[in-house]
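Here's the structure we're looking at; comments come further down.
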Amino acid sequence: MVARGTAVIRIDAIWLATEPLDMRAGTDTALARVVKVFGAARPHHAYLFTNKAATRIKVLVYDGFGIWLAARRLNRGRIVWNSDPSALTVALTAEQLQVLVCGLPWKTLATRRRCYLA
20 MVARGTAVIR
30 IDAIWLATEP
40 LDMRAGTDTA
50 LARVVKVFGA
60 ARPHHAYLFT
70 NKAATRIKVL
80 VYDGFGIWLA
90 ARRLNRGRIV
100 WNSDPSALTV
110 ALTAEQLQVL
120 VCGLPWKTLA
130 TRRRCYLA
């Protein structure tokens, strides 16, 4: 049985940064990168970064009161990241985010296998 509840962190928009971030970066460094790349950290927006090897993701969310910073590491494989080097940022849907954090191709959602995040 799976318990369903309300989301703890409200996310209205999801942004992908195309330039890698050092995964040793903490909250302040990640927030500084968000300000540099996106101009500001907007309330209820999620900002995603990967490392150079594309094996880890950091997600920064500003909820209007404070900063949330989460990390995800794949046990195997690589995260399928943005392939357009001219784009500094990319907007994602919630479904694309779900697929991306599983390490699956998020640009082509039709041919994906099921991914569950616990």
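According to my numbering, the sequence shown holds residues 20 to 137 in order.
Every residue, glycine too, gets a C-beta built ideally from N, C-alpha and C.
As the structure is a prediction and not an experimental result, all values here were calculated from the model.
Residues Val78 of the same chain have their beta carbon placed closer than 6 angstroms to that of Ala89, with the five preceding and five following residues left out of the count.
Counting C-beta pairs closer than 8 angstroms gives fewer than three between the stretch 53-64 and the stretch 109-117, which falls short of the contact rule.
The DSSP-derived three-state label of Leu111 is strand. Under the three-state reduction of DSSP, Arg52 is assigned to helix.
Across the set Val53, Arg95, Arg97, the C-alpha of Val53 shows the shortest separation from the C-alpha of Leu40. The residue among Tyr66, Val109, Gln117 with its C-alpha nearest the C-alpha of Tyr81 is Tyr66. Of the residues Ile30, Ala49, Thr108, the one whose Cα lies closest to the Cα of Thr37 is Thr108.
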